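**Q**
Residue numbers (mature numbering (1 follows the signal peptide of the UniProt record, and there is no 0)): -23 to -1, 1 to 275.
1. Quick one: give me the first and last residue of the beta strand (DSSP E) that residue 233 is part of.
2. Output the residue ranges of the alpha helix (DSSP H) runs that lie fully inside the stretch 56 to 121 and measure 4 residues or longer, sorted by chain position.
3. Where DSSP assigns a beta bridge to residue 7, which residues make up the other side?
4. When the distance is taken between beta carbons, is residue 119 closer than 8 angstroms to residue 53?
5. State the DSSP-derived secondary structure class of residue 127, mapped to helix, strand or coil.
6. Please report the residue range of the beta strand (DSSP E) in which residue 28 lies.
7. Which residues does DSSP list as the beta-bridge partners of residue 162?
8. Could you give the residue range of the beta strand (DSSP E) that holds residue 202?
9. On the criterion of 16 or more Cβ atoms from any shown chain inside 10 Å, does residue 199 qualify as buried, or is it exposed?
10. Would the stretch 93 to 109 and the stretch 33 to 45 be scored as touching if the rule is three or more Cβ pairs under 8 angstroms?
11. Confirm, please, whether the CB-CB distance from residue 221 to residue 246 is below 8 angstroms.
12. Does residue 76 pass the burial test, meaning 16 or more other C-beta atoms within 10 Å, or should it be called exposed?
13. To the nearest angstrom, how far is the alpha carbon of residue 104 from that of residue 88?
14. Reducing DSSP to helix, strand and coil, say where residue 22 ends up.
15. So for residue 17, helix, strand or coil by DSSP?
16. With residue 239 and residue 258 assumed to form a contact (beta carbons below 8 angstroms), what rounded beta-carbon distance in angstroms separates them?
17. Buried or exposed: where does residue 102 fall if 16 or more other Cβ atoms within 10 Å of its Cβ makes it buried?
18. When you compare only the Cα positions, how much space is there between residue 129 and residue 61?
19. What's the C-alpha gap between residue 6 and residue 40?
Laid out in structure tokens, this is it:
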């Protein structure tokens, strides 16, 4: 659904279907999450210039846990003024085609047709990590920040135990510590997902923001605006590094609605930017009565 390198396991909550007093009733027919991703295409085209690509991914979730997904390429354009000058010198082409690793790549300045369909290969429900829960179970998440942190921490630790054991089947020298070094980052990532992925109660989102901003290694960068001009508080996640690659991510949060506005990803390998894997995502999340449809082309 979104462009993220976050990894964490889900929470599963036992109990009755009764909705707790802290629950938020659905305010529409679907919980809709629109993610627009902007990145620099990883391969130079034409005489050697680079293109910026945009795409939009939209998910709809009904309170019953039914889901639909839509996607559309939004077109490409020269990435910088220097790239635009080279593009114009090439005659201002509107399409680009090349082959890499046996695959044909086609790029265009025009948006694609896009598609919409029922999400396949997954059970009904709302995904939290690697588990699927009901709307009622979403409403049972802790509304106290420290209680929520304990839930997230316990779940991340459970995932680390499982991941470390599985890794030994292919990498006998791998250790649990390889994951534990990023424990705080995983908790922060999980808290950030509660700010937009699923229709959790307002009080849960407020608690999630408190967990996020007070997690060890998270730094407050002050007020900023996203590419859509929306204002929010920018937070930097703990830096993750492994095998020469360094991942830096920043999040922009609307602290009134307690929703995630944008995520900035900067991935470098050996000091070199990983084009296509770095970029910015903007999010629009909320209830709607509009039926699932192919995402717009703008």
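From the three backbone atoms N, C-alpha and C, an ideal C-beta is built for every residue, glycine too.
Keep in mind that this is a model prediction, so the values were computed, not measured.
**A** This is what the structure gives:
1. Note, residue 233: premise wrong, no beta strand (DSSP E); not H, not E.
2. Counting whole runs of 4 or more residues, the stretch 56 to 121 contains the alpha helix (DSSP H) stretches 58 to 66, 112 to 115.
3. Answer is 265.
4. no
5. In this structure, residue 127 counts as helix in the three-state DSSP scheme.
6. 28 to 38
7. The partner list for residue 162 (beta bridge, DSSP) is empty, contrary to what the question assumes.
8. 196 to 202
9. exposed
10. As far as the Cβ criterion goes, the stretch 93 to 109 touches the stretch 33 to 45, which means the pair count is three or higher.
11. Yes, the Cβ-Cβ distance between residue 246 and residue 221 is below 8 angstroms.
12. exposed
13. 30 angstroms
14. strand
15. strand
16. Yes, residue 239 and residue 258 are in contact; Cβ-Cβ is about 6 angstroms, under 8 angstroms.
17. So residue 102 counts as buried.
18. 46 angstroms
19. Note on geometry: alpha-carbon atoms of residue 6 and residue 40 lie some 7 angstroms from one another.
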